[in-house]
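Asks: Offset between the sequence shown (1-based) and our numbering: plus 129. Heads up, the beta-carbon is just placed ideally off N, CA and C, and yes, glycines get one too. Sharing a structure with you now.
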Amino acid sequence: GKPDTGDTVFLFNADNSSLFDNPLQSMGTFVNGVAKFSVPPGNYWAVGDFVHKIPKRQTFDEYLDVLPQFAVGNGTTVHLTAQAATSELKMVTAKPAMEQIATFQLTRYAAAGPPVTTGWIETDNSPNIPAPSLFISPTKTSPAIGKLATATTAQLGTSTFPAGSKYVYGVGFQSTGTIPSQRHVISQASLATVHVRYYSAVKSLGVAGTFASFPFQNACPLGVAVFFGEQFPAQLTEYLATTPQLSWETQYILNSGQDFSGGEVGAPQIYLPGQHVTDNLGAYPLHPAPNYVVATVPGAAPVQASASRAGNTLRLFMTAFSDSVPGHVGQGTFPPVKTSGSYAVTDNGKQVAGGTLKNFFGQFSASAPLSRGSSFVQLTLKSSEAASLNPLSTAASTTWIWESSPKPGAKLPAGWTCLPGGQLDTACSVEPLLTLRYGVVDESLGGTTSPGPQVIKLSAGHLQLAKGSEITNAALSVSFDGGKTWHKATLTGSNGSYAASFNAPADSLVSLRATASDLQGSQITETITNAYQAAFHG
């Protein structure tokens with residue numbers, strides 16, 4: 130109700146976003162209630178951003194007045210006011226919960242030019258300071274020029290600070306055309322229940338997050354369920370919204386003190402109302418994992434096939450230090466954590482690519498020339514990381530052997546690509562590489578089991594999309610002295626699904642060596658050093 134000084138207004142062109150897109154020109158500051166702009170005539174849209182500080186509570190309220198479209202000629206004046214922001218961003222949940230993080234993202238598509246996205250995040254700053262409140266002005270009519278879309282997300286928990294919560298809500302809503310009321314009543318039956326388990330062999334201080342995304346969000350999606358100061362290992366129950374086209378992606382960073390190294394990243398997923406899921410992130414053993422598409426997510430970037438052939442070119446992409454859940458890959462390691470990797474590719478016994486992987490942080494990407502016709506290809510990938518970061522699964526060596534042949538005219542389905550970096554190219558075929566997945570029965574979040582009888586579920590298959598044949602052979606051997614001596618485990622099962630049993634001494638580090646082959650002659654041999662530990666003490 131008073132002339133404003135110090136708050137902000139954002140102004141953009143609705144006819145062509147490229148005509149007036151300099152951030153310094155598009156942002157102005159109110160002085161005695163006035164913010165002046167010099168712009169070409171045409172149609173524009175604006176957002177007034179008003180902040181009201183509350184010193185006693187060490188927080189603030191923020192008010193957004195959105196004008197979706199107006200015409201500008203000579204000496205045009207429009208009015209923005211905090212009083213127009215009448216709708217508080219508020220989530221009403223079935224279980225007791227208080228807001229920890231709230232986000233509001235506005236995307237405006239002009240008649241020409243790229244979309245413009247503006248976003249706001251309101252979050253608490255400490256366990257004792259509540260999150261700010263965000264108020265937004267609703268609109269009733271859609272803009273006549275271009276389009277408007279919004280995404281609202283929020284995280285709520287049992288305490289003001291995420292890391293101390295027994296459970297959290299992650300909710301998200303989208304709108305197109307107009308800005309609706311920001312008060313949302315959440316039905317518990319409409320949510321999915323996700324029990325997230327974060328594994329770690331050492332107690333570490335890290336970061337975890339579950340990020341919401343809608344297809345229209347062209348800029349980096351704003352996330353919810355972000356936990357700074359999380360103590361690993363840990364487990365948490367998340368109640369996640371199942372709004373149509375809303376996907377969730379979970380990530381955790383094992384050690385934020387060592388330049389954000391270690392941990393896992395999950396593929397985007399879309400959940401269903403009432404669905405119950407357990408998501409094990411970082412379960413041991415860790416080893417190289419191929420890319421995997423878990424769900425068809427509208428607007429998601431294409432996933433590169435982990436081994437593909439286009440003409441006579443082999444392209445490879447895998448991620449070391451990954452768990453065995455399809456869609457999970459290692460988050461990466463960075464200095465000062467010491468990580469090393471090397472690879473070799475042979476074609477009919479002749480090496481065609483390989484060497485030490487420079488600046489290796491877990492992602493392996495390479496290409497190699499192959500013979501014009503059919504040939505037997507062998508790939509060996511070796512990786513290791515410092516035991517100071519993670520004392521289990523410190524090194525892995527995997528060798529694949531398969532017959533490769535050119536497949537002219539082959540194309541990948543939607544959601545996949547042959548090239549790295551999100552480049553879209555589907556003109557290739559997926560190679561029939563074998564894959565291995567492990568499940569250590571009764572493994573604790575710290576990567577340990579009770580000494581004595583051990584059971585490991587071993588799954589052998591092929592890369593997703595690959596035309597592989599029946600799995601005919603598999604074996605698992607174990608070592609308790611770092612790989613100096615090996616003992617064959619008893620294996621039961623068939624056609625890619627097995628259970629390996631053996632006895633492990635107390636306080637032993639269990640190394641694994643698994644092999645598998647199929648009818649077409651494809652083979653895989655994988656050795657994981659100190660994969661997990663048989664030393665569970667309750």
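1) Between the Cα of leucine 140 and the Cα atoms of Ala430, Asp133, Lys131 and Phe159, which residue gives the shortest distance?
2) Give the DSSP-derived three-state secondary structure of asparagine 659 in the structure shown.
3) Could you pull out every residue in the same chain whose Cβ sits closer than 6 Å to the Cβ of serine 147, ignoring the five residues on either side in sequence?
4) For glycine 667, which three-state DSSP category applies?
5) Should proline 417 go down as buried or exposed, given a rule of 16 or more other Cβ atoms within 10 Å for buried?
6) Which first and last residues belong to the alpha helix (DSSP H) in which proline 152 is found?
7) Could you tell me whether the Cβ atoms of leucine 572 and alanine 412 are closer together than 8 Å?
8) When the Cα of tryptophan 174 is compared with those of Pro634, Thr205 and Gly403, which residue comes out closest?
9) Do the segment 417-433 and the segment 379-391 touch if we need at least three Cβ pairs shorter than 8 Å?
10) Which one or two residues does DSSP pair with aspartate 647 in a beta bridge?
11) Over what stretch of residues does the beta strand (DSSP E) that includes alanine 418 continue unbroken?
12) From what residue to what residue does the beta strand (DSSP E) around asparagine 142 run?
13) Please look up how many angstroms separate the CB atoms of proline 225 and threonine 287, rounded, as I've assumed it's under 8 Å.
14) Taking the straight line between their C-alpha atoms, what separation do you get for aspartate 144 and aspartate 178?
15) Which parts of the segment 146-230 are runs of the alpha helix (DSSP H), unbroken and 4 residues or longer, counting only runs that do not cross its ends?
16) Can you tell which of Val639, Ala449 and Cys547 has the C-alpha that lies nearest to the C-alpha of lysine 613?
17) Is it buried or exposed, alanine 348, if we count other Cβ atoms within 10 angstroms and call 16 or more buried?
18) Can you tell me where the beta strand (DSSP E) holding tyrosine 107 begins and where it ends?
19) Identify whether alanine 337 lies in helix, strand or coil by the three-state DSSP scheme.
20) Only counting runs of 4 or more residues, tell me where the alpha helix (DSSP H) segments fall wholly within the segment 363-438, in order along the chain.
21) If the criterion is Cβ atoms closer than 8 Å, does the pair glutamate 393 and serine 342 meet it?
22) Going straight from the alpha carbon of glutamine 593 to that of proline 542, what length do you get?
23) Do the segment 487-505 and the segment 443-462 touch if we need at least three Cβ pairs shorter than 8 Å?
24) From the DSSP output, in three-state form, read off glutamine 311 for me.
25) Please classify threonine 654: does DSSP put it in a helix, a strand, or coil?
26) To which residues does DSSP link serine 342 through a beta bridge?
27) For alanine 260, name the three-state secondary structure that DSSP assigns.
28) Report yes or no: do three or more beta-carbon pairs, one from the segment 545-553 and one from the segment 521-536, lie closer than 8 Å?
29) Alpha carbon to alpha carbon, how far is valine 466 from leucine 334?
30) Select from Lys540, Ser534, Thr475 and Lys479 the residue whose C-alpha is nearest the C-alpha of threonine 81.
31) Consult DSSP for serine 319 and reduce its assignment to one of helix, strand or coil.
32) Helix, strand or coil, according to DSSP, for glycine 612 in the structure here?
33) Going by DSSP, what residue range makes up the beta strand (DSSP E) through threonine 305?
34) Is the distance from the Cβ of leucine 410 to the Cβ of glycine 395 below 8 Å?
35) Let's see if you can read the secondary structure: which residues bound the beta strand (DSSP E) around glycine 456?
Replies: Walking through what the data contain:
1) Position 11 of the sequence shown, counted from the start, is the residue given in the question as residue 140. It is Phe159 whose Cα lies nearest to the Cα of leucine 140.
2) The sequence position of residue 659 within the sequence shown is 530, counting from 1. It is a strand residue.
3) Position 18 of the sequence shown, counting from 1, holds the residue named residue 147. Once the five neighbours on either side are set aside, the close Cβ partners of serine 147 are Gly242.
4) Translated into positions along the sequence shown, residue 667 becomes position 538. No answer about glycine 667 holds up, because its pLDDT of 44 lies below 50 and its placement is not dependable.
5) The residue given as residue 417 occupies position 288 in the sequence shown. Around the C-beta of proline 417, 16 or more other C-beta atoms lie within 10 Å, and the residue is accordingly described as buried.
6) Translated into positions along the sequence shown, residue 152 becomes position 23. Counting along the chain, the alpha helix (DSSP H) containing proline 152 begins and ends at 152-155.
7) The residue given as residue 572 occupies position 443 in the sequence shown. The residue given as residue 412 occupies position 283 in the sequence shown. In the sequence as displayed, the identity of residue 572 is glutamate instead of leucine. Against a cut-off of 8 Å, the Cβ pair of alanine 412 and glutamate 572 comes out as a contact.
8) Reading the sequence shown from its first residue, position 45 is the one you call residue 174. For tryptophan 174, the nearest C-alpha among the options comes from Thr205.
9) no
10) Reading the sequence shown from its first residue, position 518 is the one you call residue 647. Bridge partners of aspartate 647: Ile600.
11) Counting from 1 along the sequence shown, the entry for residue 418 is found at position 289. 416-419 is the extent of the beta strand (DSSP E) around alanine 418.
12) Here residue 142 corresponds to residue number 13 of the sequence shown, with the count starting at 1. Its beta strand (DSSP E) spans residues 137-142.
13) Taking the first residue of the sequence shown as 1, we reach residue 225 at position 96. Taking the first residue of the sequence shown as 1, we reach residue 287 at position 158. Indeed, because the Cβ distance is near 7 Å, the residues count as touching under 8 Å.
14) For the purposes of this step, residue 144 is identified with residue 15 of the sequence shown, where counting begins at 1. For the purposes of this step, residue 178 is identified with residue 49 of the sequence shown, where counting begins at 1. Taking the straight line from one Cα to the other gives about 23 Å.
15) 152-155
16) As a position in the sequence shown, residue 613 is number 484, starting the count at 1. The shortest Cα separation from lysine 613 among Val639, Ala449 and Cys547 belongs to Val639.
17) One-based indexing of the sequence shown puts residue 348 at position 219. Any answer about alanine 348 is weak, because its pLDDT of 47 lies below 50 and its placement is not dependable; what the coordinates show is given next. When all chains shown are included, alanine 348 counts as exposed.
18) Nothing about residue 107 can be read from this structure; the chain reaches only from 130 to 667.
19) The count along the sequence shown starts at 1 and reaches residue 337 at position 208. Three-state result, alanine 337: strand.
20) none
21) Against the sequence shown, residue 393 aligns to sequence position 264. Against the sequence shown, residue 342 aligns to sequence position 213. No.
22) Translated into positions along the sequence shown, residue 593 becomes position 464. Translated into positions along the sequence shown, residue 542 becomes position 413. Approximately 11 Å, taken between the alpha carbons.
23) yes
24) Residue mapping note: residue 311 aligns to position 182 of the sequence shown, counting from 1. Here glutamine 311 sits in coil by DSSP.
25) If you number the sequence shown from 1, residue 654 lands on position 525. Reduced to three states, the DSSP call for threonine 654 is strand.
26) Mapped onto the sequence shown, residue 342 falls at position 213. In DSSP, serine 342 forms a bridge with Ser376.
27) One-based indexing of the sequence shown puts residue 260 at position 131. Of the three classes helix, strand and coil, the one that applies to alanine 260 here is coil, per DSSP.
28) no
29) On the sequence shown, position 337 is the one that residue 466 refers to. On the sequence shown, position 205 is the one that residue 334 refers to. Near 15 Å, if we compare the C-alpha coordinates of leucine 334 and valine 466.
30) The displayed coordinates of the chain run from 130 to 667. Any statement about residue 81 would go beyond what the structure contains.
31) In the sequence shown, the residue the question calls residue 319 occupies position 190. In the three-state scheme derived from DSSP, where H, G and I count as helix and E and B as strand, serine 319 is classed as helix.
32) Locating residue 612 in the sequence shown gives position 483, counting from the first residue. It is coil, neither helix nor strand.
33) On the sequence shown, residue 305 is found 176 positions in, with the first residue counted as 1. Per DSSP, threonine 305 belongs to the beta strand (DSSP E) from 296-305.
34) The sequence position of residue 410 within the sequence shown is 281, counting from 1. The sequence position of residue 395 within the sequence shown is 266, counting from 1. Yes, these two residues count as a Cβ contact at 8 Å.
35) Counting from 1 along the sequence shown, the entry for residue 456 is found at position 327. From DSSP, glycine 456 is part of no beta strand (DSSP E); its letter is neither H nor E.
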